[in-house]
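Q: If you read the protein sequences in the order shown, they are chains H and D.
Here the UniProt record's numbering is used: the first residue of the first sequence is 1, the next is one more, and so on.
Here the UniProt record's numbering is used: the first residue of the second sequence is 1, the next is one more, and so on.
Structure incoming, see below.
2 protein chains.
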Amino acid sequence: MITSTSNQKVKELLQFQKKSKARNQERVFIAEGSRMVGETPRKSLLKLYVSETYYNKHREELEKMKSHPEVLTDTVFAYVSDTKSPQGILAVIRQMDYRLEDILRKRTPHILVLDNLQDPGNVGTIFRTAEAAGATGILMSRDCVDIYNPKTIRSTMGAIYRMPFLYLDDLQKGIRTLKEKNIRIYAAHLKGDNSYDKEDYRRGTAFLIGNEGNGLNSDIARCADTWLRIPMEGQAESLNAAMAAGILMFEVSRQRRKG
Amino acid sequence: MITSTSNQKVKELLQFQKKSKARNQERVFIAEGSRMVGETPRKSLLKLYVSETYYNKHREELEKMKSHPEVLTDTVFAYVSDTKSPQGILAVIRQMDYRLEDILRKRTPHILVLDNLQDPGNVGTIFRTAEAAGATGILMSRDCVDIYNPKTIRSTMGAIYRMPFLYLDDLQKGIRTLKEKNIRIYAAHLKGDNSYDKEDYRRGTAFLIGNEGNGLNSDIARCADTWLRIPMEGQAESLNAAMAAGILMFEVSRQRRKG
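This is the structure in C-alpha cells:
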C-alpha cells in the first residue's frame with residue numbers, strides 16, 4: 001500500500017491529472033469513478049489505483065481482475081483525485097488514436113468541427129451528446145481545450161471511449177477534406193440566414209461550432225457552405241456552445257429517424 | 001475607497017457571495033461583470049461596487065450613473081469576487097419576486113418544472129436556453145440549487161432578469177394547478193414510451209426535468225400525462241439535464257414557429 005504523497009507513482013499520477021504535457025508525453029490520461037473505469041476498454045486500461053476503503057469494500061471483484069490494483073491510503077487517494085468526493089477508484093488509460101478515415105468511414109457522416117472551444121465541461125458535454133445523437137466523429141482545432149483534461153473526461157460520461165475524434169493543426173484543410181467527401185458544411189453562426197430546422201441533414205453533414213465567447217473564427221466560418229441560425233426569442237444573444245451543438249445534432253437525429 | 005478586507009461592507013458582500021441564507025435574509029443577490037450588471041433592471045440594482053482599476057478606466061460613465069459606485073482596491077475586489085479573473089464590477093441586486101400567475105399569464109404556456117436539480121451551471125444554462133426558446137416560466141422544487149448562487153447567476157447570462165420563476169414547497173400541487181389550466185404535463189423519462197418529437201406542443205406544455213444523477217422522483221413523474229423519451233444511439237445512458245431540457249424546449253419552439 002502506498003502511504004506517502006511523496007511516492008514516485010503518486011507524483012506521476014498528480015502530473016497526469018494536472019499537466020496535459022505529462023499526459024501527452026506518456027500518451028495516457030486518467031479516468032475516475034467506478035462507472036468511467038468500468039467502461040474503459042480492457043486493452044486501453046494500463047493501471048488501476050484504488051483507495052484502502054474502496055479496496056476493502058470491493059476486494060473480491062478486484063482480485064478477480066487481471067490488472068491487480070495498487071492500493072493507496074484514503075488520504076493519498078484524495079490527494080491524487082481530481083474530485084472533491086473521490087469514489088476511490090481511478091485508472092491510467094492509454095490515449096485514443098483515431099485517424100480521419102475512422103471519422104469518415106460511415107456512409108452518411110454526421111460530424112462536429114470544434115474551433116477553439118475552451119470550456120472543459122462544454123467539450124465533454126458535446127462528446128456525450130454527440131454519441132447520443134448518433135454523430136460519427138468530432139474534429140477539433142489544436143487550440144481547443146485538452147480532451148484528456150479530467151473535467152472533460154468526467155463530462156463525457158464515457159463517450160470518450162466511443163466517439164472518434166481528432167485534433168487538427170490545420171482545421172481549414174480538414175474542412176476541405178470533408179467537402180471533397182461531399183459532406184455539407186454548416187456554420188452555426190449568429191449572423192446565419194438559414195434557420196437550422198429548414199435544412200436537409202439526411203446527407204453527409206458537418207457543423208462548425210465556435211468559441212464560447214467569440215463564436216467562429218471568420219476564416220473558419222468562410223469555409224462553410226451555409227451559415228445556420230438557431231432562432232431565438234427574448235433578449236438572449238446566444239446559446240451555450242454545447243447547447244447549440246446539441247440542438248443541431250438532435251435535429252439531424254430527428255430527420256434521419258423520420259427517414 | 002475601501003482598502004481592507006475587514007471592512008463591514010466587504011464582509012457582507014462575501015456573505016452574499018457564499019451563503020444563500022445571507023442572500024435570502026436580505027432578499028438580494030450579486031451579479032458580476034459589466035454585461036450582467038449592465039442588464040440589471042434599474043429598479044432592482046441596490047448597490048454598485050467597482051475595483052480601483054475599473055473605476056479609473058470607466059470614471060466618466062460611472063460618474064453619470066445615479067447609483068454612485070463604491071470603489072474597492074483591486075486586492076479587496078478580488079477578495080470579494082467569485083471569479084478567478086474579476087472584471088472589476090459587481091452589483092448587489094434585489095431578488096426577483098414572481099407569482100404563479102406571472103408564469104401562467106401567456107395564452108399558450110411553455111413551462112419547465114425542475115425537480116431537485118443540483119448543478120448550478122445546469123440550472124443557469126436552463127434559464128438561458130429557456131429564454132432563447134421562448135419558454136414562459138420555470139417552476140422549481142424547493143430542493144433545487146439556489147438560483148441566486150453566483151455560478152448559477154453567471155450561467156444564466158442575464159436570463160435571470162427576464163425569465164419568470166418560482167420555488168415551490170409542494171411541486172405536485174403546482175403541477176396540479178398547471179393541469180387545471182389545461183397545460184399538458186410531459187415527464188422527460190428514460191423509460192418514456194413516446195418519442196419527444198411525435199407530440200404536439202402547440203398547446204400549453206410543461207416539461208418535468210429530474211435530478212442529474214437520479215432522474216425524476218417517481219411521485220413527481222406519476223403526475224405527468226405523458227412520459228417522453230429522447231431517442232439515443234450508442235451506449236449513452238442519458239443526456240445532461242440541461243441538454244435534455246434544451247432539446248425539448250427547442251422542439252416546442254420549432255413546432256410553434258411552423259404554426
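Note that the Cβ used here is the ideal one computed from N, Cα and C, for glycine as well.
1. List, from N- to C-terminal side, the beta strand (DSSP E) runs of 3 residues or more that fit wholly inside the UniProt domain "tRNA/rRNA methyltransferase SpoU type" (111-250) of chain H.
2. Give a yes or no on whether 8 Å exceeds the smallest Cβ distance from S253/D to chain H.
3. Quick one: give me the first and last residue of the alpha helix (DSSP H) that I54/D is part of.
4. Under a CB-based cut-off of 8 Å, is S233/D close to chain H?
5. Name the residues in the segment 204-229 of chain H whose C-beta lies less than 9 Å from a C-beta of chain D; which are they?
6. Sort F207/H, S218/H, D219/H, C223/H by Cα distance to I230/H and report the nearest one.
7. Give a yes or no on whether the minimum CB-CB distance between D197/D and chain A is below 8 Å.
8. Exposed or buried, what is D197/D when buried is set at 16 or more other beta-carbons lying within 10 Å of its beta-carbon?
9. Report yes if the C-beta distance between I138/D and F165/D is below 8 Å; otherwise report no.
10. Taking Cβ positions only, does residue 311/H come closer than 8 Å to chain D?
11. Report yes or no: is there a C-beta of chain D within less than 8 Å of the C-beta of E32/H?
12. Mind checking which residues open and close the alpha helix (DSSP H) that includes I2/H?
13. Roughly how many whole angstroms lie between the Cα atoms of T73/D and G121/D?
14. Which residue or residues does DSSP assign as beta-bridge partners of R35/H?
15. Under 8 Å, do M96/H and R128/H count as touching if we go by C-beta distance?
16. By Cβ distance, which residues of its chain are closer than 8 Å to K181/H, with the 5 residues on each side in sequence left out?
17. Taking 8 Å as the CB-CB limit, is M96/D close to chain H?
18. Using a Cβ distance threshold of 8 Å, determine whether the segment 67-81 of chain H contacts the segment 7-16 of chain H, with at least three qualifying pairs required.
19. Going by other Cβ atoms of all chains shown within 10 Å of its Cβ, with 16 needed for buried, is H189/D buried or exposed?
20. Among the residues of its own chain, which have a CB less than 6 Å from the CB of G134/H, if the five just before and after it don't count?
21. Note down, in chain order, every chain H residue with its Cβ under 8 Å from the Cβ of G121/D.
22. With a 10 Å radius around its C-beta and 16 neighbouring C-beta atoms as the bar for buried, classify N24/H as buried or exposed.
23. May I ask you to list the residues that DSSP assigns as paired with residue 273/H?
24. Excluding five sequence neighbours on each side, which residues of the same chain lie with their C-beta closer than 6 Å to the C-beta of I89/H?
25. Taking all protein chains shown into account, do 16 or more other C-beta atoms lie within 10 angstroms of the C-beta of residue 296/H, making it buried, or fewer, making it exposed?
26. Need the endpoints of the alpha helix (DSSP H) that Y98/D sits in, please.
27. Between A135/H and the ligand FMN, is there a pair consisting of the residue's CB and a ligand heavy atom that are separated by less than 7 Å?
28. What residue range is occupied by the uninterrupted alpha helix (DSSP H) comprising R23/D?
29. Please name the residues in the segment 139-173 of chain H whose beta-carbon is closer than 9 Å to at least one beta-carbon of chain D, in chain order.
30. Could you tell me the alpha carbon to alpha carbon distance between M1/H and Y161/H, rounded to whole angstroms?
31. For a contact meaning CB atoms closer than 7 Å, what does residue 279/D contact in chain H?
32. Is D115/H buried or exposed, if buried means 16 or more other CB atoms sit within 10 Å of its CB?
33. Who are the neighbours of A132/H on chain D, taking C-beta pairs under 7 Å?
34. Rounded to the nearest angstrom, how far is the Cβ of A241/D from that of E199/D, given a contact under 8 Å?
A: Working from what's here:
1. Complete beta strand (DSSP E) runs here, min 3: 137-141, 165-168, 184-188, 205-209, 226-229.
2. Yes, contact with chain H.
3. Strictly speaking, residue 54/D in this sequence is Tyr, with Ile absent from that position. Looking at the DSSP string, the run of the alpha helix (DSSP H) that includes Y54/D is 52-64.
4. The sequence given here has Glu at residue 233/D, not Ser. Yes, E233/D lies at the interface with chain H (some Cβ there is under 8 Å from its Cβ).
5. Within the segment 204-229 of chain H, no residue has a Cβ that lies closer than 9 Å to any Cβ of chain D.
6. Relative to the Cα of I230/H, the nearest Cα in the group F207/H, S218/H, D219/H, C223/H belongs to F207/H.
7. Absence of chain A from the displayed structure is noted, the protein chains being H and D.
8. Flag for D197/D reads buried.
9. For the 8 Å CB-CB criterion, I138/D and F165/D form a contact.
10. No statement about residue 311/H is possible, as the shown extent of chain H runs from 1 to 259 and does not include it.
11. Chain D, which has no Cβ nearer than 8 Å to the Cβ of E32/H, makes this no.
12. For I2/H, no alpha helix (DSSP H) run applies, since DSSP gives it neither H nor E.
13. The alpha-carbon atoms of T73/D and G121/D are separated by roughly 29 Å.
14. None, per the DSSP bridge assignment.
15. The Cβ-Cβ distance between M96/H and R128/H does not fall below 8 Å.
16. For K181/H, where only same-chain residues beyond five positions count, the Cβ hits under 8 Å are L104, P109, G204.
17. False, the Cβ-Cβ gap to chain H never drops below 8 Å.
18. Because the criterion of three Cβ pairs below 8 Å is met, the segment 67-81 of chain H and the segment 7-16 of chain H touch.
19. The residue in question, H189/D, is buried, as its Cβ has 16 or more Cβ neighbours within 10 Å.
20. Closer than 6 Å at the Cβ level, and outside the excluded window around G134/H, lie S253.
21. Ordered by position in chain H, the residues that pass the 8 Å Cβ test against G121/D are G121.
22. A residue is called buried once 16 or more other Cβ atoms fall within 10 Å of its Cβ, and N24/H, having fewer, is exposed.
23. No answer is possible for residue 273/H: the residues shown for chain H start at 1 and end at 259.
24. Excluding positions up to five away in sequence, the list reads S34, V37, V50, Y54.
25. Residue 296/H lies beyond the residue range present for chain H, which begins at 1 and ends at 259; the question has no answer from this structure.
26. For Y98/D, there is no enclosing alpha helix (DSSP H), as DSSP marks it with neither H nor E.
27. Among the components modelled here there is no ligand, and therefore nothing to report on the ligand FMN.
28. First-last of the alpha helix (DSSP H) with R23/D: 20-26.
29. If you check each beta-carbon in the segment 139-173 of chain H against every beta-carbon of chain D, the ones closer than 9 Å belong to S155, M157, G158, A159, Y161, R162, M163.
30. One C-alpha to the other measures close to 30 Å.
31. Here chain D comprises residues numbered 1 to 259, so residue 279/D is not present and cannot be evaluated.
32. D115/H is buried by the Cβ-count criterion.
33. Neighbours of A132/H on chain D, chain order: M232, E233, G234, A236, L239.
34. 20 Å between Cβ atoms; not a contact.
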